[in-house]
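Reading through the structure tokens given below for one structure.
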Amino acid sequence: MRQFTYERATSAASAAAAVADNGNAKFIAGGTNLLDLMKLEIETPTHLIDVNGLGLDKIEATEKGGLKIGALVRNTDLAADERVRRDYGVLTRALVAGASGQLRNKATTAGNLLQRTRCPYFYDTNQPCNKRQPGSGCSAIGGVTRQLGIVGVSDQCIATHPSDMAVAMRALDATVETVKSDGVTRSIPIADFHRLPGDTPHIETALDQGEIITAVTLPPPVAGRHVYRKVRDRASYAFALVSVAAIVRPDGTGRVALGGVAHKPWRVEAAEADMPNGAATVMRKLLDGARTTEENEFKVTLAERTLAGILEETKG
Amino acid sequence: MVGTAAVSVAAANAGASAQAQSTTATIDRHSTQVSFTVNGTRRELTVDNRTTLLDALREQLALTGTKKGCDHGQCGACTVMVDGRRINSCLSLAVMHEGDEITTIEGLGTTSDMHPMQAAFVRHDGFQCGYCTPGQICSSVAVLEEIAAGIPSHVTEDLAAQMQVTDAEIRERMSGNICRCGAYANIIAAINDVAGRPA
Amino acid sequence: MRFDTPATNNPIDQMKVVGQAITRIDGPRKVTGTATYAYEWHDASLKAAYGYPVGAAIAKGRISSMDVQAARQAPGVLAVVTAESAGKLGKGSLNTATLMGGPEIQHYHQAIAVVVAETFEQARSAAQLIKVDYVEAPGAFDLAAEMENAVKPESGDPDSAAGDFGPAFEAAAVKLDERYTTPDQSHAMMEPHASLAVWNGDELTLWTSNQMIAWNRAQIAATLGMEEDKIHIMSPFIGGGFGSKLFLRSDALLAALGAKAAGRPVKLALPRPFLMNNTTHRPATIQRIRIGAGQDGRITAIGHESWSGDLPGGGPEAAVMQTRLLYAGQHRMTAMRLATLDLPEGNAMRAPGEAPGLMALEIAMDEMAEKLGIDPVEFRIINDTQVDPEKPEKQFSHRQFVECLRLGAERFGWERRNPTPGSVRDGRWLVGMGVASAFRNNLVMKSGARVRLDREGVVTVETDMTDIGTGTYTIIAQTAAEMMGLTVDKVAVNLGDTRFPVSAGSGGQWGANSSTAGVYAACVALREKIAQKLGFNSTDVTFADGEIRSGNRAISLAQAAGDDGITAEDTIEYGDVSEEKQQSTFGAHFVEVGIDAYTAEIRVRRMLGVAAAGRILNPITARSQMIGAMTMGVGGAFMEELAVDKRRGFFVNHDLAGYEVPVHADIHDQEVIFLDETDPYSSPMKAKGVGELGLCGVAAALANAVHNATGVRVRNYPVTLDKIIRDLPRIG
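In structure tokens:
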């Protein structure tokens, strides 16, 4: 971990300004991913701005009947919030499927969205990685790929986004609220928030330098059974091989998003019309154009069967 | 921009919520004075900004009950309670704990006056090599509190119902604490014992 | 004391203390965080600086240049040591690769430098500043591809044969010929390898985390070119080992080199992401098993071949050993072949040989039982043998293998198993049961101890034996207490210090039996000394209730000790008795698993382990060894695999997020049964070991249960959902 200077931010805009002016500065909130990466010098900020004191730790009802989740709301608190449990069950389910109790106590809403990939080649600084070192090549392609992406991948990167929470938020059509150093705010639909790797896998989100997440807004509750199924080898404390966030109405229609398959939470709205026709039909559209390896092609079958299980379970 | 964080005087007792720039005394640009309470004792120390809470406890305060198993949030051996909540102290900077109340394994009990959970671990042989044990015990104590507080888990069937202490709930919530010696079944027995449930 | 005739009645047989369920005497320290591990000696006078290792970024080749200038000049840095600046280093006979690489690089993350700084943060940061250029050399990283180049190892008894396997197998009425694979596995103990080195002139004091400190002393002497008597090693608490800490590793060497260079005590722990490629692992195997049997289920021919790889100079994973002894069969062969691989060094991990060997053999037995239409428990019983099948003149000292199977089957409810695969459903779960045999040889090792009786009537035991979580402190206290007629609170135990008599150390599941036998020997000597001092006839004294008694005379031990106390020391040494009979430990594992009918997720529902392993010295700690091993077996069956990048030659998933081991949620009901037995051929303790036996066969029982649940037979570990999902029944 390189040396860095440290300050506690007093307002979101001033924090944003501090980072906007300094390409080597980073925000720190929970720190559960950033410090992990800093120890390995995958992240090498020379200045850290502690945003924990910004008061962005509340969950408030919006005028439109939704919820505004402060960027600093801890994963535990978000999962435990009575309104979230009642009206956005898929989000609570996704949150508690992630990490461990200890990590969820620190990890924040914004930090969870900004998690970086768990691709093992990204994590080993001796290995070429276009995400870590643009232009160096992707050593995952042709390597050990069982955990890696099958849709939306590129010749430069096949990493996946590791979040569970974000998958549920994608299914819920959440919006990411931000502020820039000049005080200008943005509302970024979560569909546009995470990017596909393309030729620039090191650019992972729609955020500009210095732009800070202040909240995530959920639209009014979506009726139906809320389910989050995370499939992994061990029973807990592991990243998803495949996860499925689904909201299923009694007539079989609904929404579905996938985790563990792409560089972002994966949802294709056009596929959802087929939900009453069964998982296979949905997956044909949802995973259209999938590019798998021998080691991870099972994810196609697994996603389909996982959704099939959900559709069966939520029938009638 | 770098360097503007360098600030003036020590005001160790000011809460973290006060004006940031008055609570942080920067010794050189890369070190900071920080003050927190550990097991009821106020501690003031100067830390390299890079120092994790774990290393501050182990190396500066010589509280080595809290263990470093992976240093990356992958094992749970470093679990401590901060302001009543368990966290992985390896993934938290010491400098970010200004004013916090920290409880480590040493704060739960001593060999002559063990915390009920510590005594239960001995009774049920909830450990072997002992290295993950302080983290397991801190988590065990916290898990019962989390269930009592109604915080849901991955195995909670009904998110609206009153949370129950069950084997499944304990196992799931303890899963962030790895025990390679494989004492899991005995740890569950110890926790159940403290929770007043039949083993 | 020489042990060269089978044990007769002795004070241990009283079982007043030995064999009793006594909680660990070191327990209160461990649960309060006051047990001190290698990195935690904070004596202010030590003022240890911090070492941080640098590892090779390539698997094979040569360092062409190395620039340490920036690191040397970094804040707080006290020293940087590389192979070039370390001076001439030897290599211990127990290391395959050198612990300090350069210029030649033998494997990925081989240590090539250590940076010493005032603080951990400074050392870690400066280590990143070392710039290294390499010339990479092509290497061999793929065991399957290297099979044809594998050779017969020069030592280690690679082949065995009896009868005429080939024709007998061909002629068998029912035949199986299958290939199985087991992956590279990591010990993944919770405490990383760690050491604190302090030089005083030419003398080295080392606090380290090591299972075998006498070996360690010899190895560090060889590596640093020192006399052994200049080295003092202490290892009183060890945060798990499982074989990973049997040998001198880079943490101790780098700490010693760093301390020398910095002129300061230095402590160093291997960073977790570095550990898996830097240290040893259990090597992968490819195994071919052939079994021929008559329709009656009697095995007529059994053949087991195993291929594994290691660095040049390394050895094979001895995966065929159990097959030489476990089942009857007139015609038999085993063979081990060794390929050269440029992956990190392969070496012992818990139950080396038998663990991966039984992972394969016990699936084969399940498959064979299915072909024969015989219940898999019964098939194993039919093929029991009471003699070494390769040397029928040699009997087992005690073999209650069939009893383990029968008792286990009864307790587990095996009769409820539906032999038709894929036929039991519980909600969304496909449910199956599996069984496998457990087998591990019983090894005995010379072991010494010193015992001192003081005027408080307290006996203090000193031995360089280690407690890696096995319960050594407690069973040694129980042994001394039993021998001296005391309760355990009147016994103090000091372990893990090279100033103490050399013991068996912790390895090969020999530790419990051998080290307590050493304490037994020392206590016999102490009893004689006490009797002598009091003028008692040592043949008719008894020690009970804190007294020595002879006839109607009784004197308290405190009084007998007097102000000077009495000290005795002895070592148990084994004569031919351990060769006369084949000594082994036996068991059976029964498991039930559920497989999600949709996702193919595999979850263990319940496990039962039955063991016949001689006298159980402490049912609490022995049971913990068993459940711990069974838990590790769940990992071996369903998740553990060091994934090899066959292009770049390294284990890719080199941390505890990537290398998954079981967590709490993976482990449900576990039950353990020990058969009540003693084995007078093993030692005066009549005990054997369970720490490795408990792992043997577990993974295969689980794999067999997956087959019973689903009908899908997976022969390549780990058995993960991707290997079964396509063959599950269609849904929807």
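Protein sequence lines correspond, in order, to chains X, V and L.
Okay, so the first sequence: first residue is 3 according to my numbering, each after it adds one.
Okay, so the second sequence: first residue is 87 according to my numbering, each after it adds one.
Okay, so the third sequence: first residue is 543 according to my numbering, each after it adds one.
Even for Gly, the Cβ is constructed at its ideal location relative to N, Cα and C.
Short Cβ contact (7 Å threshold) for residue i with residue j
i: L:Leu1270; j: L:Ala1142; result: yes
i: L:Ala668; j: L:Ala625; result: no
i: V:Val120; j: V:Glu184; result: yes
i: L:Val1133; j: L:Ala1247; result: yes
i: L:Thr1005; j: L:Ser1045; result: yes
i: X:Leu74; j: X:Ala15; result: no
i: X:Val218; j: X:Ile51; result: no
i: L:Asn889; j: L:Phe1192; result: no
i: L:Ala639; j: L:Leu799; result: no
i: X:Gly226; j: L:Asp1187; result: no
i: L:Ile564; j: L:Val1030; result: yes
Neighbour flag for residue i against chain X, beta carbons, 7 Å
i: V:Val133; result: no
i: V:Asn278; result: no
i: V:Ser108; result: Note that V:Ser108 scores a pLDDT of 38, beneath 50, so its modelled location is shaky and nothing firm can be said.
i: L:Gln624; result: Strictly speaking, residue 624 of chain L in this sequence is Thr, with Gln absent from that position. No, no contact with chain X.
i: L:Val1194; result: yes
i: V:Ser94; result: Any reading at V:Ser94 must be qualified, since the residue scores a pLDDT of 30, below 50, and its modelled position is unreliable; no value is offered.
i: L:Met1174; result: no
Cβ neighbour criterion (16 or more within 10 Å) applied to residue i
i: L:Arg874; result: buried
i: V:Arg172; result: buried
i: X:Val317; result: Going by the sequence as given, residue 317 of chain X is Lys instead of Val. X:Lys317 is exposed by the Cβ-count criterion.
i: L:Thr1113; result: buried
i: V:Thr110; result: Reliability fails at V:Thr110, whose pLDDT of 47 lies under 50, so the model's placement of it is uncertain and the value that follows must be treated cautiously. It counts as buried.
i: L:Arg721; result: exposed
i: L:Asn551; result: exposed
i: X:Thr64; result: exposed
i: X:Asp157; result: exposed
Which residues DSSP lists as bridging residue i, in chain order
i: L:Lys673; result: L:Asp609
i: V:Ala246; result: For V:Ala246, which the question treats as bridged, DSSP gives no partner whatsoever.
i: L:His1287; result: Chain L is shown only over 543 to 1274; residue 1287 of chain L falls outside these bounds and no answer can be derived.
i: L:Leu880; result: L:Val693 and L:Ser850
i: L:Asp1112; result: L:Ala991
Residue i at chain V interface by Cβ criterion, 7 Å
i: X:Asn114; result: no
i: L:Ser1166; result: yes
i: L:Gln1212; result: yes
i: L:Thr1029; result: no
i: X:Val75; result: no
Host beta strand (DSSP E) of residue i (start-end)
i: X:Gly261; result: Gly256 to Gly261
i: X:Asp38; result: Where X:Asp38 is concerned, there is no enclosing beta strand (DSSP E), although the alpha helix (DSSP H) it sits in stretches over Leu36 to Lys41.
i: L:Lys809; result: Val808 to Ala811
i: V:Asn174; result: Arg171 to Asn174
i: V:Val241; result: Per DSSP, V:Val241 belongs to no beta strand (DSSP E) and is neither H nor E.
i: L:Trp749; result: Glu745 to Thr750
i: L:Phe1085; result: Val1083 to Ala1086
i: V:Thr165; result: Thr165 to Val168
C-beta neighbour in chain L for residue i, strict 7 Å
i: X:Ala27; result: no
i: V:Gln119; result: no
i: X:Val233; result: yes
i: V:Cys215; result: yes
i: V:Phe122; result: no
Opening and closing residue of the alpha helix (DSSP H) in which residue i lies
i: X:Thr94; result: Gly91 to Ala99
i: V:Val208; result: Pro202 to Arg209
i: L:Gln1212; result: Counting along the chain, L:Gln1212 falls outside any alpha helix (DSSP H), though it belongs to the beta strand (DSSP E) covering Asp1211 to Phe1216.
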